[in-house]
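Worksheet: the structure to be examined is printed underneath.
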Amino acid sequence: MENLYEIHFGTGMYDPNPHPLHKPIEIFASQMLPYFNKAFDEHEPKEFFNVAFPLFDDRFPTATPRQKKFWSMCLILLDGALHSGMFSLPPYMGNWRDEITLEADRRRRRVEWEKRGLGVAPIEHQYIVAFEDDTAAATPHTQT
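Here my numbering runs 367 ahead of the position in the sequence shown, where the first position is 1.
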């Protein structure tokens, strides 16, 4: 997936020394934009964030609250740029809620990793957990 944020807003706009998570966070915002745009058009941005934040946490468990806000701002800025005509995307015609689930997001990550065609096991957390068993991931870990 392209980093729409970097394409349309450049790099280092807000932070001359960005954190290593910023680029993956920007790409995740780019991936979620069609669903956020649909939710926003349906007057449900709050509902979108309520169900999307667990996906963010699954991908970036070490992210700070500031980085979570950065992701939210990326989405909002990209949506504003989309509506102002800076770029266009085909409208998402489905139900955005069907795509904003842990299972659907992990499925997208698996496909994304496999498209890279490296043939090696993932090394980034967001892809490692995508290959975990979804039922095991949904079960809280308990210490014995």
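No residue lacks a Cβ here, since even glycine has one placed at the ideal position from N, Cα and C.
Straight-line Cα distance separating residue j from residue i
{"i": "GLY447", "j": "VAL478", "result": "28 Å"}
{"i": "ASP424", "j": "LYS436", "result": "12 Å"}
{"i": "GLN485", "j": "LEU422", "result": "Position check: residue 485 holds Leu in this sequence, whereas Gln was assumed. One C-alpha to the other measures close to 25 Å."}
{"i": "THR431", "j": "ILE392", "result": "12 Å"}
{"i": "ASN417", "j": "GLU470", "result": "16 Å"}
{"i": "CYS441", "j": "ARG475", "result": "20 Å"}
{"i": "LEU473", "j": "LEU445", "result": "One detail in the question is off: residue 473 reads as Arg in this sequence, not Leu. Straight-line Cα distance between these residues: approximately 23 Å."}
{"i": "THR509", "j": "GLN493", "result": "Summary for THR509: the model assigns pLDDT 44, below 50, so the residue's position carries little reliability; its value from the coordinates is reported in the next sentence. Whole-angstrom Cα-Cα distance: 22 Å."}
{"i": "PHE415", "j": "LYS482", "result": "27 Å"}
{"i": "PRO387", "j": "ILE394", "result": "12 Å"}
{"i": "TRP326", "j": "GLY452", "result": "Within the shown structure, residues of the chain are numbered from 368 to 511, placing residue 326 beyond reach of any answer."}
{"i": "ALA396", "j": "VAL487", "result": "26 Å"}
Own chain residues within Cβ distance below 7 Å of residue i, not counting five before or after
{"i": "GLU466", "result": "TYR402"}
{"i": "GLU491", "result": "none"}
{"i": "ARG426", "result": "PHE395 and GLN493"}
{"i": "ALA419", "result": "MET399 and ILE467"}
Sequence-distant residues of its chain with Cβ nearer than 8 Å to residue i (five each side left out)
{"i": "PRO526", "result": "A query on residue 526 cannot be resolved here, the shown segment of the chain reaching from 368 to 511 and no further."}
{"i": "PRO412", "result": "PHE403 and ALA406"}
{"i": "LEU449", "result": "LEU400, ASN404, SER455 and LEU456"}
Residue i in three-state terms, based on DSSP
{"i": "ASN462", "result": "coil"}
{"i": "VAL418", "result": "helix"}
{"i": "LEU445", "result": "helix"}
{"i": "GLU411", "result": "coil"}
{"i": "MET440", "result": "helix"}
{"i": "GLU470", "result": "helix"}
{"i": "THR509", "result": "Since pLDDT at THR509 reaches only 44, below the 50 mark, its modelled position is unreliable, and the value read off the structure follows with that caveat. Of the three classes helix, strand and coil, the one that applies to THR509 here is coil, per DSSP."}
{"i": "LEU400", "result": "helix"}
{"i": "ILE490", "result": "coil"}
{"i": "ALA430", "result": "coil"}
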